[in-house]
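Worksheet: one structure, shown below.
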Amino acid sequence: MVNEANAATFDSILESRGVSRRSFMKLCGAVAAAAGLSQLTVAQVADALEASVIGATEGNLYPVIWMEGASCTGCTEAFAQIDEPDPATVVLELISLNYCETLSAAAGYSMEEARKQTIEAGNYILVYEGSLSRAFDGNALRIAGETGIDSFRETAEHANAVVALGSCAVNGGWTAAYPNASDAVGCQKYLRDNGIETPVINIPGCPPNPEWLVAVLVDVVLMGVLPELNADNKPAVIFNQTIHDNCQRRGHFENGEFVYQFGSEEEAKGYCLYPLGCRGPQTRANCGVVRYNHRRSWCVESGAPCIGCCEADPMNPGDNWVEVNTPFFKRNRDLRIGSWTIQPDVIAWGLTGLVAAALVVHGFGMKAMGRIGESRKTELVREWDLKHPEQSIGVYDEADIKEALEKKKGGK
Ligand code: FSX
Ligand code: SF4
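Residue numbers (the working numbering): 255 to 666.
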């Protein structure tokens, strides 16, 4: 518990930074929600954050090294964009950020020195974003005169835990997509392949929601516990539910109300995006609960089908979200045969053609044997094709289309 004198100090720190107590408590509520904690724990989170900010004024904070491998820096960028209150004023005072290529004011030799000294002193956490490039003896990425994998390795092996932030750090992400020329892998695989047992907490997403990182830091740094992890070492409360579980469009999915085309009437009605390739049913994360940008909205709510950026098997770089989910906005993933890719529905149509050809041959045989007489086609034109002629890939006679439309009009 924070005592009264400390509470007064804390209030004046908040005030000096233009942060109201109300917005601070809102942040605590969001941290608790992101961590999957009950709202009853908000007071505990607030106490922990207050103690940490007071700790900051006394220079007694948990050291963190934040390093970056092959990535777009979107993870840091997303973190730096958390709004009210902004990370620089309150949240970063959870930790003593001794090294961060993007956020630290220092650079060059003095930064590298800070990293080495932190490692020597021990008792720190490594937050790592981006993948580890193993090709070319690790020379695809060099930092301060050594390979990226060497500096990762020496920092990770002495850390209390590695937080793999972002899908690239979890299993290579898009940097490991075919043909994975830099032989990219995530932190956990690199460490385990090299016999290093440092605990790893995987936070996928491209980028991950910054509030997930704050929630993990609150657990590890302030509460002194590792969050409960699932079999992929991902925080269970965040990643054990699917996007589909918490989706605002879910009712439309259940009612069979779907969007087949961007810009359509169905889209304007907010129907389910499944036919446009939404990966919500197979992607595990609580985006719909935590949301983004001041908790205003998130991908599916704002009209974009989920592209599954949180799907990452830590021990398999080939199972990265880009490889698994492209082409986006299509129901099926590409099937890869060597360096050649094809959509399964193309194969399906090809097979349909083969089967149709076989049936025709079979039909001729039956007819020749006098076993069938004249027959009628049961479905002249597929119902769906009639409804969406511009998307149809069926081949029909004009006369059949006319007949089918007339039938439909007549309610037959
Ligand atoms: Fe990867 Fe992070 Fe995607 Fe980018 O650094 S998870 S590419 S948003 O930024 O690592
Ligand atoms: Fe599920 Fe996606 Fe439809 Fe939402 S939009 S209900 S996540 S399929």
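Each residue gets a CB set at the ideal place from its N, CA and C atoms; glycine is no exception.
Pick from the options that is closest to residue i, judged by C-alpha positions
| i | options | result |
| --- | --- | --- |
| L419 | N448, P489 and A435 | P489 |
| G524 | V543, F516, C532 and R503 | R503 |
| A324 | V609, S387 and L659 | S387 |
| V454 | P461, P462, Q442 and N448 | Q442 |
| K662 | V635, E644, E482 and Y650 | V635 |
| C553 | G510, Y353, G459 and V416 | G459 |
| V416 | Y444, P433, L395 and A389 | Y444 |
| S534 | D499, P568 and E519 | Rather than Ser, the amino acid found at residue 534 in this sequence is Gly. Looking at the Cα atoms, D499 is the closest of the given residues. |
| A469 | A653, S266, Q298 and H642 | Q298 |
| P317 | A300, T372, I336 and V296 | T372 |
| L357 | K370, V578 and M321 | M321 |
| P462 | L640, C326 and N352 | C326 |
| P433 | I655, N509 and E577 | E577 |
Alpha helix (DSSP H) segment containing residue i, residue limits
| i | result |
| --- | --- |
| S350 | Per DSSP, S350 belongs to no alpha helix (DSSP H); it is in the beta strand (DSSP E), I349 to C354. |
| I492 | A490 to F493 |
| N456 | First-last for N456: V454 to I457, but that is the beta strand (DSSP E), not the alpha helix (DSSP H). |
| A334 | G328 to A334 |
| C466 | According to the sequence displayed, residue 466 carries Trp and not Cys. Run containing W466: P464 to L471, per the alpha helix (DSSP H) assignment. |
| Q371 | Y363 to A375 |
| D639 | E637 to K641 |
| N574 | Neither: N574 is in no alpha helix (DSSP H) and is coded neither H nor E. |
| D654 | E652 to K663 |
| A423 | S421 to N425 |
Strand pairing of residue i, partner residues [DSSP]
| i | result |
| --- | --- |
| P550 | Rather than Pro, the amino acid found at residue 550 in this sequence is Arg. In DSSP, R550 forms no bridge with anything. |
| Y316 | I349 |
| F582 | None, per the DSSP bridge assignment. |
| S387 | A438 |
| A324 | S385 |
| V416 | L380 and V454 |
| I397 | E400 |
| F278 | Partner(s): none; F278 has no beta bridge. |
| C526 | F512 |
| R538 | T496 |
| L483 | P489 |
Beta-carbon proximity check, residue i vs residue j, cutoff 9 Å
| i | j | result |
| --- | --- | --- |
| N574 | N425 | yes |
| T496 | Q536 | yes |
| F493 | C501 | no |
| E374 | A398 | no |
| L480 | D486 | no |
| I403 | I319 | no |
| N456 | G478 | no |
| G283 | C329 | no |
| F278 | P464 | no |
| G572 | A430 | yes |
Cutoff 9 Å: residue i Cβ touching any chain D Cβ
| i | result |
| --- | --- |
| G557 | Looking at the structure shown, chain D is missing, and only one protein chain is on hand. |
**Message:** Is it the case that the region 538-546 contacts the region 505-517, given that we only count it when at least three CB pairs across the two stretches are under 8 Å?
**Reply:** Counting C-beta pairs with one atom in each stretch, the region 505-517 and the region 538-546 have fewer than three that are closer than 8 Å, which means they do not touch.
**Meets three-Cβ-pair contact criterion under 8 Å: the region 542-558 and the region 406-422** = Flag = no, the region 542-558 and the region 406-422 do not touch.
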